[in-house]
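Chemist: I have a structure here, written as C-alpha cells, and I will follow up with some questions on it.
Protein chains: 2
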Amino acid sequence: MTQAVEQDWEHPTPPELQLMTGNTLFADARLVQDPMFLMNRFGSLGSALTNGYLRQLDLKVRHYSVLSLACEPQAPTQRELSDFLVLDPSQVVAVVDHLEKLGLVEREPDPRDRRSKIIVPTDRGREVLGQAELQAGQAAARVQSNLTDPERATLQMLLRKLASG
Amino acid sequence: MTQAVEQDWEHPTPPELQLMTGNTLFADARLVQDPMFLMNRFGSLGSALTNGYLRQLDLKVRHYSVLSLACEPQAPTQRELSDFLVLDPSQVVAVVDHLEKLGLVEREPDPRDRRSKIIVPTDRGREVLGQAELQAGQAAARVQSNLTDPERATLQMLLRKLASG
DNA sequence: CCAAACCGTTGAAATTGTCAACGATTGTGC
DNA sequence: GCACAATCGTTGACAATTTCAACGGTTTGG
Chain Y
4 MTQAVEQDWE HPTPPELQLM TGNTLFADAR LVQDPMFLMN RFGSLGSALT NGYLRQLDLK
64 VRHYSVLSLA CEPQAPTQRE LSDFLVLDPS QVVAVVDHLE KLGLVEREPD PRDRRSKIIV
124 PTDRGREVLG QAELQAGQAA ARVQSNLTDP ERATLQMLLR KLASG
Chain V
4 MTQAVEQDWE HPTPPELQLM TGNTLFADAR LVQDPMFLMN RFGSLGSALT NGYLRQLDLK
64 VRHYSVLSLA CEPQAPTQRE LSDFLVLDPS QVVAVVDHLE KLGLVEREPD PRDRRSKIIV
124 PTDRGREVLG QAELQAGQAA ARVQSNLTDP ERATLQMLLR KLASG
C-alpha cells in the first residue's frame, strides 16, 4: 500500500517552503534569540524541505540516512542504526523494508551474531545514494542560502563539535 | 537535601538523554558532516530534552513558545502564532486551550478584527514564563556544553542570520 | 449588497512515536 | 555442560502528532 499518494511539485521542480518568516512582527522576539528554538525550527523545516527533494526517489530523510550509513565501509546492523539515528527498532524495520522493496539494500546475516542482520547496499543502492545526496544537497544549499561559504563552514564545524559529546 | 539548585524530576523524566552517540562507529560517516542532518538531530533532541525540563511546569516547547510570544510587546493573534511557529491553526487552538486552563494566557477579542483573538498573558503567565525560560536555559546549556562561550555566541549569530531570510 | 476570502474551531484521517511481547540467539554464572 | 538472563529483529497495539476538510461568524472587495 506504499504507493505514491499525492503529487504537487513531485517533479524536478523545487518545492516552495517557507524557510523563515519574513514577517517583521516577531523579528525582535526573545524566541528568535534562543539557539535551541532556531535549531529545532531549521531542523524540522530542513528535513521537511529535504523530504520534498527526495520524494522523486521515493525516499524520506530517514531512508536516506539509513542508506547512507549502509554504504559506509562497515555495514551496520539494525540495532546500530536504531541507536545512532535515535529511532525505535520497529521503525528501522519499516525503513529497511522499504529500502529492500526498492532494491537498494539487502539484509544479510551477521557472521558474528546470528541474531543481528547487517544492512548491505546493492549496486543500485549506491547509485541512488548519489542522486539522493544531490537532492539533499540542493535542499541544504537552499536553507543556507543566507550564509557565505566561510559562514557555512563555521556552522558545520560548530555543529560537529556539538556532536562530539 | 539541597533541592534549590538541583533539578528534581518528580516524575519519570529522564535526566539522562543521549545527546549524541559517543559511539565511534559512525564517527567519520558522511552523514555527520551534513549540517542538515546535525541540525535536525539537535533540533529534535534539544526539544525532547527541553520538554523534560519543562515537564514540571506542565508545559512543552510549543506551549513555552506561544507563552513567550504572547508576552511580547504586541500580543499576537492565533493566526500569527500559527504562521510563525509553523503550526496548524488547530494545533494552536489546543496549545492556547492548555495555557488558558493553566491560567497563563487569555483570549481577548481583537479590536481591529472580530474574527481574530489575541493571546494575552496573565500576571501568572509572565511569572511562569520566567521559570520556563530558566528551565529551557538549563536544557540549552546542557546541549551546548561542548562549546565555549564565544563558540556559543558564534553559533547563535549564524543561526539568526540563517533565519533572516 | 453579494460573493469571496479569512479566522478560529471541530473532527476525522494519516503519519509518526512509544511500548510490550514473542521466537531465535547469545552471553553469564554455576 | 546447563539453566537463566539479556539481546536482536519483528509484530502488533496504543498514544501523540501532523494534516486536512468543513463549518459559523466576520471582513473585504467589487
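Keeping their order, the protein sequence lines are chains Y and V. Letter by letter, the first sequence follows residues 4 to 168 of the working numbering. Letter by letter, the second sequence follows residues 4 to 168 of the working numbering. We treat Cβ as the ideally placed atom computed from N, Cα and C, and that holds for glycine. Model, not experiment: these values are computed from the prediction.
Taking any Cβ of chain V, which residues in the region 41-56 of chain Y have a Cβ under 8 Å from it, in chain order?
Modeler: Taking 8 Å as the Cβ-Cβ cut-off against chain V, the residues of the region 41-56 of chain Y that qualify are Leu41, Met42, Asn43, Arg44, Phe45, Gly46, Ser47, Leu48, Gly49, Ser50 and Thr53.
Chemist: Could you say which of Y/Ala135, Y/Val95 and Y/Leu41 lies nearest to leucine 161 of chain V if we only look at CA atoms?
Modeler: Nearest C-alpha to leucine 161 of chain V: Y/Leu41.
Chemist: Beta-carbon separation of leucine 132 of chain V and tyrosine 56 of chain V under 9 Å?
Modeler: Cβ atoms of leucine 132 of chain V and tyrosine 56 of chain V: not closer than 9 Å.
Chemist: Based on DSSP bridge pairs, tell me the residues matched to aspartate 100 of chain Y.
Modeler: None, per the DSSP bridge assignment.
Chemist: Kindly indicate the opening and closing residues of the beta strand (DSSP E) around arginine 129 of chain V.
Modeler: Per DSSP, arginine 129 of chain V belongs to no beta strand (DSSP E); it is in the alpha helix (DSSP H), 126-146.
Chemist: Hey, out of V/Pro76, V/Arg155, V/Val89 and V/Gly46, whose CA is closest to valine 89 of chain Y's CA?
Modeler: The shortest C-alpha separation from valine 89 of chain Y is found at V/Gly46.
Chemist: State the Cα-Cα distance for the pair valine 95 of chain Y and asparagine 43 of chain Y, rounded to the nearest angstrom.
Modeler: Distance between the alpha carbons of valine 95 of chain Y and asparagine 43 of chain Y is about 23 Å.
Chemist: Could you have a look at tryptophan 12 of chain V and say whether DSSP puts it in helix, strand or coil?
Modeler: Unreliable placement is indicated for tryptophan 12 of chain V, whose pLDDT of 38 sits below 50; the coordinate value is still reported in the next sentence. Tryptophan 12 of chain V: coil per DSSP, three-state reduction.
Chemist: Would you mind sorting serine 167 of chain V into buried or exposed? The rule is 16 or more other CB atoms within 10 Å of its CB.
Modeler: When all chains shown are included, serine 167 of chain V counts as exposed.
Chemist: If you count every other CB in all the chains shown that lies within 10 Å of the CB of valine 8 of chain V, and 16 or more means buried, which is it?
Modeler: For valine 8 of chain V, the predicted model reports a pLDDT of 32, less than 50, meaning its position is unreliable; a value from the coordinates is still stated below. Exposed: under 16 other Cβ atoms inside 10 Å.
Chemist: Mind checking whether glycine 128 of chain Y and glycine 106 of chain Y have CB atoms under 9 Å apart?
Modeler: A contact, by the Cβ cut-off of 9 Å.
Chemist: Count the CB pairs spanning the region 60-79 of chain V and the region 105-120 of chain Y that are closer than 8 Å, and state whether there are at least three.
Modeler: Cβ pair count under 8 Å is below three, so no.
Chemist: With DSSP collapsed to three states, give me the class of alanine 7 of chain Y.
Modeler: With a pLDDT of only 32 at alanine 7 of chain Y, under the threshold of 50, the placement of this residue in the model should not be trusted, and no figure is reported.
Chemist: Looking at the C-beta of lysine 164 of chain Y, does it have a partner C-beta in chain V at a distance below 9 Å?
Modeler: Yes, contact with chain V.
Chemist: Glutamine 138 of chain Y: buried (16+ other C-beta within 10 angstroms of its C-beta) or exposed?
Modeler: It is buried - the Cβ of glutamine 138 of chain Y has at least 16 other Cβ atoms within 10 Å.
Chemist: Answer yes or no: does any C-beta atom of chain Y fall closer than 9 Å to that of glutamate 75 of chain V?
Modeler: True, the Cβ-Cβ gap to chain Y drops below 9 Å.
Chemist: Tell me the DSSP bridge mates of glutamate 109 of chain Y?
Modeler: Glutamate 109 of chain Y is bridged to Y/Val123.
Chemist: Using the three-state DSSP reduction, which class does aspartate 31 of chain V fall into: helix, strand or coil?
Modeler: Coil.
Chemist: Closest to alanine 70 of chain Y by CA distance: which of Y/Arg163, Y/Pro92 and Y/His101 is it?
Modeler: Checking the sequence, you will find leucine at residue 70 of chain Y rather than alanine. Nearest of Y/Arg163, Y/Pro92 and Y/His101 to leucine 70 of chain Y, Cα basis: Y/His101.
Chemist: Out of Y/Val123, Y/Ala142 and Y/Arg33, which has the shortest C-alpha to C-alpha gap to glutamate 75 of chain V?
Modeler: If we check each option's Cα against that of glutamate 75 of chain V, Y/Arg33 comes out closest.
Chemist: Would you list the one or two residues that DSSP bridges to threonine 237 of chain Y?
Modeler: Residue 237 of chain Y is absent from the structure shown; chain Y starts at 4 and stops at 168.
Chemist: Give me the residue from V/Ser85, V/Phe29, V/Gln81 and V/Val35 with the minimum Cα distance to leucine 158 of chain Y.
Modeler: Comparing Cα-Cα distances from leucine 158 of chain Y to each of V/Ser85, V/Phe29, V/Gln81 and V/Val35, the minimum goes to V/Val35.
Chemist: So which residues of chain V does glutamate 111 of chain Y contact, with C-beta pairs closer than 9 Å?
Modeler: Simply none; closest approach about 17 Å.
Chemist: Rounded to whole angstroms, what's the CA-CA distance from glutamine 77 of chain V to serine 93 of chain V? Just pull it up for me.
Modeler: If you take the alpha carbons of glutamine 77 of chain V and serine 93 of chain V, they lie about 22 Å apart.
Chemist: Per DSSP, which one or two residues make a beta bridge with aspartate 116 of chain V?
Modeler: V/Asp113.
Chemist: Any idea what DSSP makes of asparagine 54 of chain V, helix, strand or coil?
Modeler: Three-state DSSP puts asparagine 54 of chain V in a helix.
Chemist: For lysine 120 of chain V, which residues of its own chain have a beta-carbon under 8 Å away from its beta-carbon, when the five flanking residues on both sides are left out?
Modeler: Closer than 8 Å at Cβ, skipping near neighbours: Thr80, Gln81, Arg110, Glu111, Pro112 and Asp113.
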